[in-house]
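For reference, the structure discussed in these notes is given below.
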Amino acid sequence: VTAFEPDAELLALFRKHLPDWFEREQRDLVWRRERDPYKIWISEVMLQQTRVDQAEPYFVRFLEAFPDVHALARANLDVVLLKWEGLGYYSRARNLHRAANVVMESHGGYLPRSRERLRALPGIGEYTSAAIASLAFGERAAAVDGNVIRVIARAFELEGDRKSGRLRATVREIVESLIPHDEPGRFNEAMMELGARVCTPRSPDCAECPLRPRCLAFHHGSQESFPQVINRKSVPHYDVAVGIIMHADRFADRFLVQKRAENAMLGGLWEFPGGKVEDGESAEEACIREVFEETGLVVAVQSELSPVSHAYSHFRVTLHPYVCTVTSGELHNDGLERQWIDVSEASELAFPRANRLILERLMTSQTSDHPRG
Ligand code: SF4
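Letter by letter, the sequence shown follows residues 1249 to 1621 in the working numbering.
Now the structure itself:
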């Protein structure tokens, strides 16, 4: 392959045609309507792991509940998690809440204006601090996320795994050389927008791209080969048994839920007790064992609901839910928050997505199924 050196014209396309393209083509997103630092912060955190179309309604709902830093800081974490429910990656919500308190206590209620000081806040990393500092405060900071890495890796045909620190560092260096002193935030936004809408992971729309005349990947037809994927690891899968433990006496339609420890994955969210199915045991046996180990209750399985599959960032799970009744035992007194609730009360607690799907199956089964035995 003949070397196709990045040249002045390619750099000029980034500096001139990209912002012009953004001016013409940018979407009217709710958080773009006013350049309020708080709103920019919330939107950037939501967009860390969520698509724009999915994030928008959550953004509106979140801002209605917590219109400013002060409101977010004084809110109860349970309510913050409830407003976040469905967006996933709940550490983002916990960190927003913690950071809002730091902003109130240490920064007089105003977000710090520099990238360095923003980075010291919980949940604000390299990318988000650069995005906020450039968009809200005009700092010339390069915001490099997966979208930007893809655009630059393709335009310059950069070698290196898409997740590698080496590729990220090279991309940052290139973006830092390109980012203008005037309106650096718009340049960052233009890069992100191009990556999200035109230079997409599959089938990039090169015909619409302002970089096409000098893009190396387009020139060589190698768009799908960049950024490179080296060392792709397979994603593990786990079967997890889940117990929907119905209350034995007075509260016949109530079931047990417990709150996950705050420092755990999905921390602060409510869930049904349960755990991984071990080698050599059935999901039903695992349910009985896990429920006993976690809660101290001995249960008998009454019926089975259809399984729920869910993908997290580093693994996939299939949850096998069983409706159970208590035959003996006492609830552990281990400091974990637990309560007996019915389905209507469940709407006031934050649950992980997969547990919410189990709740939906439970509601359907309560109106249609008959228990076993
Ligand atoms: S021309 Fe195609 S591959 Fe190159 S940056 Fe644009 S969309 Fe991406």
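Beta carbons are placed, not taken as given, at the ideal position from N, Cα and C, and that holds for glycine.
query: Extent of the continuous alpha helix (DSSP H) to which Ser1425 belongs; result: Gly1413 to Leu1426
query: Contact set for Tyr1286: own chain, Cβ-Cβ below 7 Å, skip 5 residues either direction; result: Asp1316, Val1317 and Leu1359
query: Of the listed residues Val1488, Asp1497 and Arg1508, nearest to Asp1527 (C-alpha basis); result: Val1488
query: Close Cβ partners of Thr1573 (< 7 Å) along its chain, the five nearest in sequence each way excluded; result: Met1494, Ala1496, Val1547, Ala1548 and Gln1550
query: Supposed close pair Thr1418, Leu1426 - CB separation, criterion 8 Å; result: About 13 Å separates the two Cβ atoms, so there is no contact after all.
query: Cβ-heavy atom distance, Gln1471 to ligand 1, below 8 Å; result: yes
query: Close Cβ partners of Ile1606 (< 8 Å) along its chain, the five nearest in sequence each way excluded; result: Val1490, Ile1492, Phe1520, Leu1553, Val1556, Leu1567 and Pro1569
query: Identity of the residue in Glu1312, Leu1610 and Leu1259 nearest Val1591 by Cα; result: Leu1610
query: Neighbour-count burial assignment, Glu1257, 16 or more Cβ in a 10 Å radius; result: exposed
query: Between the CA atoms of Ala1390 and Arg1420 - distance to the nearest angstrom; result: 7 Å
query: Whole-angstrom distance between Phe1435 and Arg1263, CA atom to CA atom; result: 8 Å
query: Residue(s) in a DSSP beta bridge with Arg1564; result: His1485 and Ala1559
query: Terminal residues of the alpha helix (DSSP H) in which Phe1503 lies; result: Premise fails: Phe1503 lies in the beta strand (DSSP E), Phe1503 to Lys1507, not in any alpha helix (DSSP H).
query: Whole-angstrom distance between Gln1296 and His1345, CA atom to CA atom; result: 16 Å
query: Contact between the segment 1401-1415 and the segment 1321-1337 (3+ Cβ pairs under 8 Å); result: no
query: Contact between the segment 1438-1446 and the segment 1352-1371 (3+ Cβ pairs under 8 Å); result: no
query: DSSP-derived helix/strand/coil call for Val1546; result: strand
query: Local Cβ density within 10 Å of Phe1466, reported as buried at 16 or more and exposed below that; result: buried
query: Proximity of Arg1361 and Ser1377 at Cβ, strictly below 9 Å; result: no
query: Three-way DSSP call (helix, strand, coil) for Leu1610 in this model; result: helix
query: Of the listed residues Leu1459, Arg1410 and Met1439, nearest to Val1423 (C-alpha basis); result: Met1439
query: Classification of Glu1353 by the beta-carbon crowding that lies within 10 angstroms, buried from 16 upward; result: exposed
query: Reference Leu1329; option with closest CA among Trp1588, Leu1579, Leu1597 and Arg1480; result: Leu1597
query: Where Pro1452 falls, given that 16 or more other Cβ within 10 Å makes a residue buried; result: buried
query: Any C-beta of chain C under 9 Å from that of Leu1579; result: Here chain C cannot be found, since the structure has a single protein chain.
query: For Arg1275, the first and last residue of its enclosing beta strand (DSSP E); result: From DSSP, Arg1275 is part of no beta strand (DSSP E); its letter is neither H nor E.
query: Residue closest to Ala1243, alpha-carbon to alpha-carbon, out of Glu1538, Phe1540 and Pro1600; result: Here the chain comprises residues numbered 1249 to 1621, so residue 1243 is not present and cannot be evaluated.
query: heavy atom of ligand 1 below 8 Å from Leu1406 C-beta; result: no
query: Cross-strand partners of Met1439 (DSSP beta bridge); result: Per DSSP, none; premise fails for Met1439.
query: Supposed close pair Ala1348, Gly1371 - CB separation, criterion 8 Å; result: Contact doesn't hold; Cβ gap of about 10 Å is too wide.
query: Member of Arg1460, Ala1559, Val1351 and Arg1450 whose CA lies at the smallest distance from the CA of Pro1484; result: Ala1559
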